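Enquirer: Residue numbers (full-length UniProt numbering): 1 to 355.
Just so it is clear, CB atoms sit at the ideal spot from N, CA and C, and this is done for glycine as well.
Given the structure is predicted, the values throughout are model-derived calculations rather than measurements.
1) I believe residue 122 touches residue 214 by the beta-carbon criterion, under 8 Å. Please report the beta-carbon distance rounded to the nearest angstrom.
2) Any idea what DSSP makes of residue 156, helix, strand or coil?
3) Would you identify the three-state DSSP class for residue 357, choosing helix, strand or coil?
4) Rounded to whole angstroms, what is the Cα-Cα separation between residue 277 and residue 234?
5) Please identify the residue among 12, 22, 32 and 147 whose C-alpha is closest to the C-alpha of residue 76.
6) Residue 108 by DSSP, collapsed to three states: which one?
7) So for residue 162, helix, strand or coil by DSSP?
8) Alpha carbon to alpha carbon, what distance is there between residue 36 and residue 372?
9) If I'm right that residue 203 touches residue 146 with Cβ under 8 Å, what's the distance once you round it to whole angstroms?
10) Using three-state DSSP, classify residue 33 as helix, strand or coil.
11) Less than 8 Å separating the beta-carbons of residue 310 and residue 342?
12) Give me the residue from 65, 296 and 300 with the minimum Cα distance to residue 314.
13) Is DSSP giving residue 185 helix, strand or coil here?
14) Classify residue 29: buried if its beta carbon has 16 or more other beta carbons within 10 angstroms, exposed otherwise.
15) Mind checking residue 101: buried by the 16 CB within 10 Å criterion, or exposed?
16) Do the region 86-94 and the region 57-69 touch if we need at least three Cβ pairs shorter than 8 Å?
17) Distance check for residue 87 and residue 293, CA to CA, integer angstroms please.
18) If we count the other Cβ atoms within 10 Å of its Cβ and call it buried at 16 or more, is residue 59 buried or exposed?
19) Let me know if residue 190 comes out buried or exposed under the rule of 16 or more other beta-carbons within 10 Å of its beta-carbon.
20) Report the option in 247, 300, 231 and 301 whose CA atom is closest to the CA atom of residue 281.
21) Kindly provide the ranges of any alpha helix (DSSP H) runs that are 4 or more residues long and lie completely inside the region 75-149, ordered along the chain.
22) When the distance is taken between beta carbons, is residue 237 closer than 8 Å to residue 192?
23) Between which two residues does the alpha helix (DSSP H) holding residue 55 run?
24) Are the CB atoms of residue 345 and residue 312 nearer to each other than 8 Å?
25) Going residue by residue through the region 250-329, where are the continuous alpha helix (DSSP H) segments of at least 4 residues, counting only ones entirely within it?
26) From what residue to what residue does the alpha helix (DSSP H) around residue 172 run?
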């Protein structure tokens with residue numbers, strides 16, 4: 001790897017005329033200079049295209065592509081296909097970088113497939129960043145996972161790591177070698193991307209530097225508007241993990257356990273947002289949970305309490321949604337009350353012939 005490798009910064013753009021200038025300006029002021037910025041207009045209906053073209057006309061390192069509206073996954077994939085750098089970096093068009101983001105990530109490179117900085121959820125007011133909280137990150141701060149035993153995915157199941165695509169430096173040859181692309185036609189695509197990249201990566205590094213500010217005050221964000229499409233996408237992600245990886249000799253165990261982690265996420269979502277979801281989709285959910293069920297067996301990859309919890313939720317997912325609603329709770333199993341709840345579910349399942 002050369003000393004100052006080219007970094008391809010991929011920015012999907014859709015109806016972000018209010019935010020895109022601040023985003024691009026945060027790239028332009030980077031203290032690391034060997035970058036290209038690939039701006040992709042995904043069929044915007046506002047002035048996004050005109051704004052990003054004005055930046056392209058003034059900065060040779062900026063390239064603009066435009067397409068009909070195909071969604072975030074297809075747009076990021078177009079960025080991957082057109083990237084020339086040794087590294088890839090995804091930046092959302094309503095977020096901004098710290099001035100030293102790219103230099104901090106590149107300088108910490110040690111033959112890693114993926115390097116991640118700290119993402120801070122923030123609001124923006126008159127050019128001022130108002131920091132709210134950091135997205136879930138390893139407690140060690142700077143740490144490297146050899147990842148030959150899927151340590152990153154296991155850590156995610158145990159204590160939580162935020163499964164986002166942005167604010168990570170990816171080796172382009174790692175992405176190309178494994179033919180990794182975002183799944184089109186869904187939302188929450190980062191969940192599947194995170195699983196696949198962390199499944200296949202070696203030497204995953206997290207650094208204790210704040211490199212990325214994630215905007216939480218964008219009312220047009222998908223996280224602010226939820227419904228059937230969100231749950232349908234979660235279901236498809238679970239199905240993809242099971243269908244693509246649970247029959248693979250090396251990945252069977254981790255895929256089966258991680259599919260339960262995804263179940264945990266979308267069951268919590270479905271219960272919380274039940275009033276916004278159709279009865280038809282709830283029926284689809286019940287059928288998918290049964291079709292994707294895989295017994296977890298006796299080989300534990302998690303701590304004792306969490307292993308009990310995951311196995312219990314896996315069995316509970318075979319019940320109808322009303323029953324799941326009644327008994328479900330989120331892990332970690334870190335209190336006596338949650339341990340009691342776990343055994344309460346187990347007792348119910350045994351009483352109903354599902355031991």
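Expert: Based on what the coordinates show:
1) Here residue 122 refers to the residue found at position 122 of the chain shown. Here residue 214 refers to the residue found at position 214 of the chain shown. Right, their Cβ atoms sit about 6 Å apart.
2) If you number the chain shown from 1, residue 156 lands on position 156. For residue 156, the secondary structure class from DSSP, reduced to helix, strand or coil, is helix.
3) An answer regarding residue 357 cannot be provided, because it is not within the stretch 1 to 355 covered by the chain.
4) Working through the chain shown from its first residue, we reach residue 277 at position 277. Working through the chain shown from its first residue, we reach residue 234 at position 234. Going from the Cα of residue 277 to the Cα of residue 234 covers about 13 Å.
5) On the chain shown, residue 76 is found 76 positions in, with the first residue counted as 1. From the listed residues 12, 22, 32 and 147, the smallest Cα separation to residue 76 is found for 12.
6) Here the question's residue 108 lines up with position 108 in the chain shown. Note: residue 108 maps to coil in three-state DSSP.
7) Taking the chain shown and counting its residues from 1, the one referred to as residue 162 is at position 162. Coil at residue 162, not helix or strand.
8) Since the first residue shown for the chain is 1 and the last is 355, residue 372 is missing from the structure and cannot be characterised.
9) The residue labelled residue 203 in the question sits at position 203 within the chain shown. The residue labelled residue 146 in the question sits at position 146 within the chain shown. With 8 Å as the limit, residue 203 and residue 146 qualify as a contact, their Cβ atoms being about 6 Å apart.
10) As a first step, residue 33 must be located in the chain shown, where it is residue number 33. Three-state result, residue 33: coil.
11) One-based indexing of the chain shown puts residue 310 at position 310. One-based indexing of the chain shown puts residue 342 at position 342. Contact: no.
12) The residue labelled residue 314 in the question sits at position 314 within the chain shown. Each of 65, 296 and 300 was checked against the Cα of residue 314, and the nearest Cα belongs to 296.
13) Residue mapping note: residue 185 aligns to position 185 of the chain shown, counting from 1. Note: residue 185 maps to coil in three-state DSSP.
14) One-based indexing of the chain shown puts residue 29 at position 29. Counting C-beta atoms within 10 angstroms of its own C-beta, residue 29 has fewer than 16 neighbours from the protein chains shown and is therefore classed as exposed.
15) As a first step, residue 101 must be located in the chain shown, where it is residue number 101. Per the 10 Å Cβ criterion, buried.
16) The region 86-94 is not in contact with the region 57-69.
17) On the chain shown, position 293 is the one that residue 293 refers to. On the chain shown, position 87 is the one that residue 87 refers to. Note on geometry: alpha-carbon atoms of residue 293 and residue 87 lie some 37 Å from one another.
18) Within the chain shown, numbered from 1, the residue matching residue 59 stands at position 59. Result: exposed.
19) In the chain shown, the residue the question calls residue 190 occupies position 190. If you draw a 10 Å sphere on the C-beta of residue 190, you find 16 or more other C-beta atoms in it, and that means buried.
20) Here the question's residue 281 lines up with position 281 in the chain shown. Checking every option, the nearest Cα to that of residue 281 belongs to 231.
21) Runs found: 101-107.
22) For this step, residue 192 is matched to residue 192 along the chain shown. For this step, residue 237 is matched to residue 237 along the chain shown. Yes, Cβ-Cβ distance for residue 192 and residue 237 is below 8 Å.
23) Position 55 of the chain shown, counting from 1, holds the residue named residue 55. Taken as a continuous stretch (DSSP letters only), the alpha helix (DSSP H) holding residue 55 covers 48-56.
24) Translated into positions along the chain shown, residue 345 becomes position 345. Translated into positions along the chain shown, residue 312 becomes position 312. With a cutoff of 8 Å on beta-carbon distance, residue 345 and residue 312 are scored as near each other.
25) Secondary structure in the region 250-329: the alpha helix (DSSP H) runs of 4 residues or longer, each lying completely within the stretch, are 252-272, 279-291, 304-316 and 321-327 in chain order.
26) Counting from one through the chain shown, the residue named residue 172 turns up at place 172. Where residue 172 is concerned, the enclosing alpha helix (DSSP H) starts and stops at 172-177.
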